[in-house]
Structures are given as structure tokens and as C-alpha cells.
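Residue numbers (our numbering): -9 to 826. All C-beta atoms in this analysis are idealised placements derived from N, C-alpha and C, irrespective of residue type, glycine included.
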């Protein structure tokens, strides 16, 4: 933590005694109130200069220092444990700060503590008395800690003493401040001898005791999972491997968005949408390429640059497909090619013939030769190319109609209509036990007065061949989805990950961000029936028996056997924007009753608390600063163990207005890690948890602070990715009790009973290392493996240019009889593994 301490003024000549005393008193009164006057403000009050005010502040500080050094001991407090005093926020907290300052006899000083980029106001009250036993009240904006001076310095890593911090960084820690005459400049006013005690405390390690023989309770087998939402182009243009943007020409009704006309070396043509030449009842328009002239050596066609670039990798094979038909007896050939954006270099090309006046589907394989570097400044071109060979006869006015123009690179497991291998592999490496999809806000859609629920995710329009999927506008996140990543693909992904599907269904509530719906964003009870039936049909598609009609659709899509039994989440964030009352009154009840009647084995999830029906699982979402999220590590300690179970469906440390940040810095990720120790400790009631959001297209982000960043060519894990991985891949089946005789660390521990492996997580969110003694009670282990994620600076982060700046490393420890010494690095997550 970086503590911002104002500089002290230079010495000043004496002034009038009465006026000086009055100024010193005024500053002390303001300091006791938590808002000390500045030199300028003090000078202005007494109609003097800023220089004069600064020197009166210096004198006042010296007076306080002298009073502290000669004050009485605070009897009976030196051996107490840290005491967290529950005080309220706002006025109550302010009154408590003032009362403590008065009763302690010490100043109330405000400093700004910067934790992982989050500016946290902190008030420090130092009592009178011998420095070694002096008590210090440390207030944040929400609570208070009572600590010894030494403990405060251990917590704040002596950051209140800049000279001592710099000396420590150099490896030499003096017993007093480095520069004579400067040792009283610490604005917290902790005495010099207290600082010396802090140095001693810093070298006296705290003990963490893990009781390996007395498990507290079982770990939920589904604790760590994934949440996928179509946001930040996570699917479209991301994990879904399709490279052509607006392949079905349905994104705009007026122009072929993302397509450009190609007219090379004198060729002439026009491109437009044609609503008279639909492919089918779903894709109700096509693109018409009308040829004016294309002679020998010329080319006409249309080009698509993909999603913010079209990736070309030397040695890679691409599969192109499209529907086409033509007029005037033109049979081809049509040429498809992958080339650089200017058309100067062709990476690969192929030709197809056999066009007629009726729709046909064509395919072509494009092989990019090895050699060269991967690139994204490319385009896909389809058209009539008369360069080389014998030119075709193309009558002026000939038209070629195109639909579902598609280009796929190699996909995960070579699955048709598949996913990017690098992105799926990153998910597999997280060892997820469940996959929640497809949202999020994406499930609900955005309220539109002309069609209140029209932009929701309609799963029935997302299955079957891609040429039967119309796509829809993702109004929640402002881009078009071709729905190539549909229900079937999500289920296949869950299967590939060996993860239980958790499916969100539309529950009659769209997002009204502009607050213009006045209740019209909520489906009336009388109209809710079709949406309930949609949810039942979805479950039938997923697990229905052979005789069911939706099972037949599933089999036609390529999966005759049922998928794994899903959990069904009824809606999303239905407590937001006035949705709670209708959710409790009828929406949750209608879905719950229908699902339980037809599929009693299905577990349902509520998105906000209800009383109208039982809740099996309640979904909670937490987004906050890293400091606030770390405090939530104890959120579930006192939750009712009689239920419902808790699904922390979305959480992350973040800040607002952060669309430019794809993946967050380490300090934010450590706030998440601290929170996760609480999830693990309370995994008897917290049965599932998933970070959000999962993916971010770098430079095209609607929601900052994500787990994985990517561009058209590559992907990388942010610091939060490695936090998730370290937790999920190092967890046992029983929670072990952890106790400590110190503070400043967040811990949890589990044991795998079959193997005796004990995994202990230790999170240090501070900017200084902490020495600990690890005591694994009941173990005779003499070796331990430590996975460490750390960096000297909490602002460190991974990027596309530097994807491995913050990654785990392995450290081996030696000890005896289950006891080890370990220096917990600053800004770190450590996972210590032993075998009992």
C-alpha cells in the first residue's frame, strides 16, 4: 500500500506567541476532526502567508509528538488481539472517530492509502503512552481496527515512514529514521520508538496453523466454474471461429454491412441487398452482385475484412462455404481468395463452378503456404476473376446472388461450426465444474418500446444448420450476433469441458436502462405462458427422451444422446430496475412450478430472493473495488446454513468507465483472490462461483476487467485468469480450519482425502512481504511445493504484447514435522501444497 503523506515545511522564525498558539490549536482541532487544515488554509484564516501556516503546522506536530512521548501508558491493552469494532458508516462512524480521538488523547490524522490503484481514505488515531504498547485506531470508510503501533506498521508495511521504506528496499533497515531531524515527520504521528517496534515486528513472523486432522466440512464439488456471456465480442468474432462478419447479410436491412465492392483493373459492378431473392423463410434477403463488365485481366466481387481484422497464419488451412445462384446462364467460375487488405498479395485462392439459377451450397479449401508471419490486415474476396487463363463469358447485367458466405480456420477438435482452439484450451486449463451461459444481460435483451422483448436470446432460433439461423441484434452490448454460437454449441462446449451446463432462460424481464418502460419491460402474467413453455422445450432439447420431438431436433443437430442434466437459472438480475416484485409475485413461481412438475430432477436458480416459492440456489453478483471485494471474504461466514445455497454467479474487482482495460492489474486480481478464500472456506453454503466477464476482444471492449484477452490471432490470460486457475486446480474435497496469530493475510485450506494432499491459499494484498511460520498440525511433511503469483507492483498486468508478465512460478520449501518457514511475497497469491 502506498500511503500518501504530505511533506513537512522548513523551519520558520518565531512569530507572535498568542497568534501562533491560536494557529497551532486551530490546526490540532482540524486534525482531530479528520480534516487537517493545509498551510494555505491556515494562513488564510489568520490573514497570513501559506509559508507562515505551514510552519505553525510544523510546531503543532512537534507539540503532539512531545505529548505522546511523555504521556501515560494505556494499561491492560498491550497484549490484546486485534479488535474489529463494529461501527456504522456515515455520521455514526464520524462520531466514533471523534470520540476515539478525544478519549485516546491522540491526534486524528487522515492519510490516503492506495491499494492496487484504489484510493482508500484512512484515519489513524495514536494514543499517548509508551510507544511499544501504544494503541492505534485505524478507520477505513466502513469499519475500524484497533491495533498496536507495531501492528499498524506491519499492516501498512512501514509505508507511513518513507525513509524507512526506502532503506528496507535497499536491504538495510535502520533503528531510527534515516535522516536526523526528519524522524518526526510521519503524519500519522506514531512515535519513533513505535516505528522501531514495527521493524522488529516485521521480522517476527506470524504463525498460520492448518489443522489437517479435523476437516470442517465438504468442499462443494461444483465450486469453481465459468460464466460465458456474449459481451466484448466473446463469442461473435472471438471464441466462435467464424471469420466473416455479417455472413448472412441480415445485420442491416438497407446495406451489406462490413462488405465492400471490389472492382479491379477496370472491372465494374454494384453490390446491394435483394429482398426478392431470399435463401429461405429465415434469411429473407441476399447480396446481389450485378456485373456491368468484367473483361480479361479484370475482377469484380465483394470483400470482407472480418472482425477487426482477418487472421492469416502461414501453413494453416481454411474452409470456405457459401450459397450462390446466377442469372443469364452464368455457371462460373467464382473465385474465393484470402489476400492482404490492399489486394496486392494473395495468400490462397480457389475456384468453384456449376452455378445455376437456383440456390446451391458450395465449399472450397484454402491452404496458406508456410513461411512468413501471421497477420490480420487481410480480407476475404468472392467474385469473378478474369486474371490468368481463359476468361469466362459474362454478359453485361449478369447477377450473382450470395448467402451465408463463411470462412472457418481449424476449430477445436475439428468440430464443424466450431470454436477457436486456443480459447477453448484456456478454458479447459481452468478445470471448470460448470458452465453458465449464454448470459447475463444477453439472455434478457434491451427494452425497445416497439418490441419490448425482441432482442432477448431466443434459443429456438439458434439451433440447426447455420443457414436456418437469422441472428439477432445484441442490444445489451450493441453489436450483431449471427447466432452461430447457439444452444447446441454451448452444450457441446460444456461437454468438451466436462462441465455441468447452467442455462439461463428468459423470465419475462428485459433491461430498461433508460427507464422508459414504466413496467412494459415486464411480461404480464397473462402473457407469460409461451416463455414458460420455451423453457420446458429447452430442457427437453437438452435431456429429452428418444420419443420427444425436441430430442429429434437435438439428434438432427448431431447429438442423439441426452446432454448432461443442466441447472436452470430463471432470469438474470431480476432485482434490478423494478423487477423484484413481479419476480416474487408470479414470474419465478410460474417457471419454478412448471419445471418441477415436468422435470423434478432439475435444480432451479433464483436471481433474487423470493418468498412465493422455495429457493434451492440463489445467484448473487458482486462487482467492486479490490479493497471492498477483499472485505467480502467474510460475507458468507454468517449465512444461514439451512439454505438456500449460494451461487456467486458473477464477481470481479473492477472500476467504472474502464472499457479500455481488457484484463485488470494484479492488485485487482488479488482482491478477488482474497474474496475467493472466503468462498472456499464457506463452500458448504457457497456451492458455485464464477468470475465475470470471461473474454474481451482487446480494443473492442464494452466492459473492462475481464479474465482473458484476445485479438484475431492470439489470446492470453490476465492476472485474474491465473488466480482462478490456481484456486480451481488446487482444491480438495474437505475444508480444513486455519488459524493465525497475526493479521494482514487471507487464507483458506482444503485436503484431498484420497491422497492426503493439502492445498493452502495465502493472499498478501500489501506492498511488503510477510514472514510466516506454516504449521500443518497432524502432518509429518518435510517438503512443500508453492505456486506463487506475484509482482513488486500491484499495477503489473498481462497484455497481448507481454502476456506472461504475471504468471505463477514454483518454489520448493524444506521443513520438518509439518512446519515450514515462508516469506509471503508482496502482492501475491501463494498455494502451498503438502502431502499429509
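Run the CB neighbour count on residue i, radius 10 Å, all protein chains shown included, and call it buried at 16 or more, exposed below.
{"i": "residue 207", "result": "exposed"}
{"i": "residue 410", "result": "buried"}
{"i": "residue 270", "result": "exposed"}
{"i": "residue 404", "result": "exposed"}
{"i": "residue 715", "result": "buried"}
{"i": "residue 574", "result": "buried"}
{"i": "residue 250", "result": "exposed"}
{"i": "residue 673", "result": "buried"}
{"i": "residue 770", "result": "exposed"}
{"i": "residue 633", "result": "exposed"}
{"i": "residue 627", "result": "exposed"}
{"i": "residue 48", "result": "buried"}
{"i": "residue 591", "result": "exposed"}
{"i": "residue 355", "result": "exposed"}
{"i": "residue 50", "result": "buried"}
{"i": "residue 595", "result": "buried"}
DSSP three-state label for residue i, please.
{"i": "residue 714", "result": "helix"}
{"i": "residue 309", "result": "strand"}
{"i": "residue 464", "result": "strand"}
{"i": "residue 385", "result": "coil"}
{"i": "residue 363", "result": "coil"}
{"i": "residue 477", "result": "helix"}
{"i": "residue 797", "result": "coil"}
{"i": "residue 457", "result": "helix"}
{"i": "residue 215", "result": "coil"}
{"i": "residue 483", "result": "helix"}
{"i": "residue 135", "result": "In this prediction, residue 135 has a pLDDT of 42, which is less than 50 and means its spatial position is unreliable; what the coordinates show is noted afterwards. Residue 135: strand per DSSP, three-state reduction."}
{"i": "residue 630", "result": "coil"}
{"i": "residue 369", "result": "strand"}
{"i": "residue 264", "result": "strand"}
{"i": "residue 574", "result": "helix"}
{"i": "residue 518", "result": "coil"}
{"i": "residue 17", "result": "helix"}
{"i": "residue 741", "result": "strand"}
{"i": "residue 581", "result": "helix"}
{"i": "residue 787", "result": "coil"}
{"i": "residue 253", "result": "strand"}
{"i": "residue 609", "result": "strand"}
{"i": "residue 529", "result": "helix"}
Short of 6 Å in beta carbon distance, which residues of its chain neighbour residue i, apart from the five on each side in sequence? Order them along the chain.
{"i": "residue 272", "result": "458 and 460"}
{"i": "residue 152", "result": "Low confidence applies here, because residue 152 scores a pLDDT of 38, under 50, leaving its location unreliable; read the following figure in that light. Within the same chain, residue 152 has no close Cβ partners at all."}
{"i": "residue 391", "result": "267, 276, 278 and 315"}
{"i": "residue 666", "result": "717"}
{"i": "residue 650", "result": "none"}
For residue i, which residues does DSSP report across the bridge?
{"i": "residue 678", "result": "637"}
{"i": "residue 491", "result": "425"}
{"i": "residue 827", "result": "There is simply no residue 827 to check, as the chain begins at -9 and stops at 826 in what is shown."}
{"i": "residue 396", "result": "311"}
{"i": "residue 700", "result": "687 and 705"}
{"i": "residue 777", "result": "800 and 821"}
{"i": "residue 470", "result": "463"}
{"i": "residue 375", "result": "289"}
Given residue i, which residues of its chain have a CB within under 8 Å of its CB, disregarding the five upstream and five downstream residues?
{"i": "residue 416", "result": "698, 705, 707 and 711"}
{"i": "residue 631", "result": "674 and 675"}
Taking residue i as the reference, which of the options has the closest Cα?
{"i": "residue 298", "options": "769, 248 and 36", "result": "248"}
{"i": "residue 436", "options": "447, 650 and 426", "result": "447"}
{"i": "residue 569", "options": "541, 503 and 607", "result": "503"}
{"i": "residue 598", "options": "824, 572, 238 and 621", "result": "572"}
{"i": "residue 486", "options": "414, 301, 25 and 638", "result": "414"}
{"i": "residue 425", "options": "480, 376, 393 and 380", "result": "480"}
{"i": "residue 620", "options": "483, 668, 452 and 635", "result": "668"}
{"i": "residue 9", "options": "26, 21 and 45", "result": "45"}
{"i": "residue 396", "options": "378, 541, 238 and 734", "result": "238"}
{"i": "residue 218", "options": "349, 639, 814 and 234", "result": "639"}
{"i": "residue 284", "options": "380, 511 and 221", "result": "380"}
{"i": "residue 739", "options": "683, 453, 820 and 558", "result": "820"}
Check whether the Cβ of residue i lies closer than 8 Å to any Cβ atom in chain D.
{"i": "residue 355", "result": "Structure shown: chain D not included; a single protein chain is present."}
Looking at the ligand NAP, does it come within less than 7 Å of residue i, judged from the CB to the closest heavy atom?
{"i": "residue 719", "result": "This structure lacks the ligand NAP, and indeed carries no ligand of any kind."}
Which residues in the same chain have their Cβ closer than 7 Å to the Cβ of residue i, if we skip the five residues on either side of it in sequence?
{"i": "residue 369", "result": "293, 294, 295, 300, 329 and 331"}
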